[in-house]
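Report on one structure; see the data block that follows.
There are 2 protein chains.
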Amino acid sequence: MARLMGNSHLEQIAYNKIRELILNGDIKSGEKIVQDQLAEQIGVSRTPLRQAIINLERDFLLEITGQGIFVREINSDFIHSVWEVRAVLEGLACRICADKMDSPTIAYLRALFDDAYLRWGENGEDKYFEADMIFHSKLVEIANNPILEKSFNTTHVFSVQFKIGLLRSPEITHQEHASILDALEARDGELAEQLMVNHIRNGAAYIKNNALHSKQ
Amino acid sequence: MARLMGNSHLEQIAYNKIRELILNGDIKSGEKIVQDQLAEQIGVSRTPLRQAIINLERDFLLEITGQGIFVREINSDFIHSVWEVRAVLEGLACRICADKMDSPTIAYLRALFDDAYLRWGENGEDKYFEADMIFHSKLVEIANNPILEKSFNTTHVFSVQFKIGLLRSPEITHQEHASILDALEARDGELAEQLMVNHIRNGAAYIKNNALHSKQ
DNA sequence: AATGTATGCGCTGTATACATAAATATTAAT
DNA sequence: ATTAATATTTATGTATACAGCGCATACATT
Numbered sequence: 001m002a003r004l005m006g007n008s009h010l011e012q013i014a015y016n017k018i019r020e021l022i023l024n025g026d027i028k029s030g031e032k033i034v035q036d037q038l039a040e041q042i043g044v045s046r047t048p049l050r051q052a053i054i055n056l057e058r059d060f061l062l063e064i065t066g067q068g069i070f071v072r073e074i075n076s077d078f079i080h081s082v083w084e085v086r087a088v089l090e091g092l093a094c095r096i097c098a099d100k101m102d103s104p105t106i107a108y109l110r111a112l113f114d115d116a117y118l119r120w121g122e123n124g125e126d127k128y129f130e131a132d133m134i135f136h137s138k139l140v141e142i143a144n145n146p147i148l149e150k151s152f153n154t155t156h157v158f159s160v161q162f163k164i165g166l167l168r169s170p171e172i173t174h175q176e177h178a179s180i181l182d183a184l185e186a187r188d189g190e191l192a193e194q195l196m197v198n199h200i201r202n203g204a205a206y207i208k209n210n211a212l213h214s215k216q
Numbered sequence: 001m002a003r004l005m006g007n008s009h010l011e012q013i014a015y016n017k018i019r020e021l022i023l024n025g026d027i028k029s030g031e032k033i034v035q036d037q038l039a040e041q042i043g044v045s046r047t048p049l050r051q052a053i054i055n056l057e058r059d060f061l062l063e064i065t066g067q068g069i070f071v072r073e074i075n076s077d078f079i080h081s082v083w084e085v086r087a088v089l090e091g092l093a094c095r096i097c098a099d100k101m102d103s104p105t106i107a108y109l110r111a112l113f114d115d116a117y118l119r120w121g122e123n124g125e126d127k128y129f130e131a132d133m134i135f136h137s138k139l140v141e142i143a144n145n146p147i148l149e150k151s152f153n154t155t156h157v158f159s160v161q162f163k164i165g166l167l168r169s170p171e172i173t174h175q176e177h178a179s180i181l182d183a184l185e186a187r188d189g190e191l192a193e194q195l196m197v198n199h200i201r202n203g204a205a206y207i208k209n210n211a212l213h214s215k216q
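Chains as they are written, first to last, in UniProt numbering: chain Z, 1 to 216; chain H, 1 to 216.
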């Protein structure tokens, strides 16, 4: 038996490689996938490849129709759709979290952001982006809702590529993050939810109004 | 080339059969799945079976861990988690729909509910349940957000089995449905969203407070 | 020239064969 | 008798082989 059961080795490798190819643009949007070619290109057989394909469809990177398997077109409309959903999902995470978060965790997240914000400009944006990722992931983790967690993960695939936290200036988003943490600390789930929803919708609006910036 | 590309024949058959087995309780919660046995039981080879398994995991019916593949335990906690997510997803659908729905569609849905509500009691609950399903699906369809649609579909798997629309008396839910339609007609997305969220959360609360009623 | 028919190729879905890792049983040793 | 070590069976992941369908090109028929 291969070491990992669910995400076995080659299946995971195939998933990652194809994901890279798509997000890097090495496979063009809308392009049709022919299994033999792709399998050979990434060096696995069609069996793990097909399994990877199913997962890539779940994560919205591929589109399976009656006509074949195609690379999804990731235009700003699509990303906007993702962010619309992210908004309510992570809003829900906040709502649930408000009752569950302990002070140390809140302090940790606050420090994480403050630190990253201070360093922003010198070290580049990576630190701030990382804090943003941790922030969002952590909330979902604490919410402890398996459905939410999985749904979040699939939308999250794009967050890595299209960094909403950096679309708008950290000067603005830092304030939004702080407000959310305040609401969480005050155990005001309703408010925290609303703030988070707005936070992400602001990013979504930005996407709609501006060209899409791939890779930071 | 087999007729259907994405959801090919045997893969889909396997998916449906396994889904039945799980939701009927023929395979017990938490039970470990051994591929050979299951494949023989439902009469397909392991290749389409494994593909079906991946999709069943996406739909939260199976759980894949390092130790194997297991039937997910569908207790009331879990269903509650599903409904928490459904609430915000379908709330979002309402918000988006408000700007898009035309009068005929609203009239259609209203008639659908009124008719089903009138017949409720005589014909049993099936008609009302069907209307409920159409209502929720239609809104998601009109919202026309691919992410929302897919996420909805995965949570929807359980709606068929655990009929929230019937958990509480149609006397109550019928009123809620009507209010939502009113809000949509008034193009008040904000209100429609809130009403839908509450509608589903009411069901979620019911689940939390009562034993789980499988299959109506 | 146009429409119908046949032949071949490409690609897919599926079954099966194989190698390896886990689990289980069996033996050996203290 | 209990543990350690080895063998045997079981189950998994992966590769490959096979069969069928669609599509295109070539050929035939009118």
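Positions of the beta carbon are idealized from the N, C-alpha and C atoms, including for glycine.
Rounded C-alpha distance that separates I180/Z from E84/Z: If I take the Cα positions, the gap works out to 18 Å.
From Q12/H, N210/H and I22/H, pick the residue whose C-alpha is nearest to that of F70/H; which is it? Distances from the alpha-carbon of F70/H to those of Q12/H, N210/H and I22/H put I22/H closest.
Out of curiosity, what's the CA-to-CA distance linking D99/H and V82/H? Straight-line Cα distance between these residues: approximately 27 Å.
Can you tell me which of the three DSSP states L61/Z falls into? L61/Z carries a coil assignment under DSSP once its states are collapsed to helix, strand and coil.
Would you say N145/Z faces chain H, with C-beta separation under 9 Å as the test? By this cut-off, N145/Z is an interface position.
Under the three-state reduction of DSSP, which class applies to N210/H: helix, strand or coil? Look at N210/H here: in three-state DSSP terms it is coil, with no helix or strand label.
Of all the CB atoms in chain Z, is at least one closer than 9 Å to the CB of S29/H? Not one chain Z Cβ lies under 9 Å of S29/H.
Does the region 170-184 of chain Z touch the region 104-124 of chain Z, meaning 3 or more C-beta pairs lie closer than 8 Å? Counting Cβ pairs under 8 Å, three or more are found: they touch.
So which residues of chain H does G91/Z contact, with C-beta pairs closer than 9 Å? Within chain H, the residues near G91/Z are V88.
Tell me the DSSP secondary structure of V140/H in three-state form. Here V140/H sits in helix by DSSP.
Determine whether the beta carbon atoms of E57/Z and I64/Z lie at a separation below 9 Å. Result yes, Cβ atoms of E57/Z and I64/Z sit closer than 9 Å.
From the DSSP output, in three-state form, read off K150/Z for me. K150/Z carries a helical assignment under DSSP once its states are collapsed to helix, strand and coil.
Using the C-alpha atoms, what's the distance from I33/H back to A39/H? Cα to Cα, the separation comes out at about 10 Å.
On the CB-based measure, 16 or more other CB atoms within 10 Å of its CB, does S151/Z come out buried or exposed? Flag for S151/Z reads buried.
Pick out whichever of G91/H, A131/H and K208/H has its Cα sitting closest to the Cα of Q194/H. When only C-alpha atoms are compared, the closest one is G91/H.
Just to confirm the assignment: which complete beta strand (DSSP E) runs, minimum length 3, are found wholly within the UniProt domain "HTH gntR-type" (8-74) of chain Z? Correct list: 62-65 and 68-71.
Is the beta carbon of A87/Z closer than 9 Å to that of M196/Z? Contact flag set, yes.
In this structure, how does DSSP classify K100/Z when only helix, strand and coil are distinguished? If DSSP states are grouped into helix, strand and coil, K100/Z belongs with coil.
If you draw a straight line from the C-alpha of residue 217/H to the C-alpha of E11/Z, how long is it? With chain H covering 1 to 216 only, the question about residue 217/H has no answer from this structure.
Give me the Cα-Cα distance between H156/Z and E20/Z, rounded to the nearest whole angstrom. CA-to-CA, the gap between H156/Z and E20/Z works out to about 15 Å.
Neighbourhood of R95/H by C-beta distance below 6 Å, restricted to the same chain and skipping five residues each side: Once the five neighbours on either side are set aside, the close Cβ partners of R95/H are G189 and E193.
Between which two residues does the alpha helix (DSSP H) harbouring A178/Z extend? Here the alpha helix (DSSP H) through A178/Z covers P170 to E185.
Step through the CB atoms of chain H and report whether any lies within less than 9 Å of the CB of K150/Z. Closer than 9 Å: yes.
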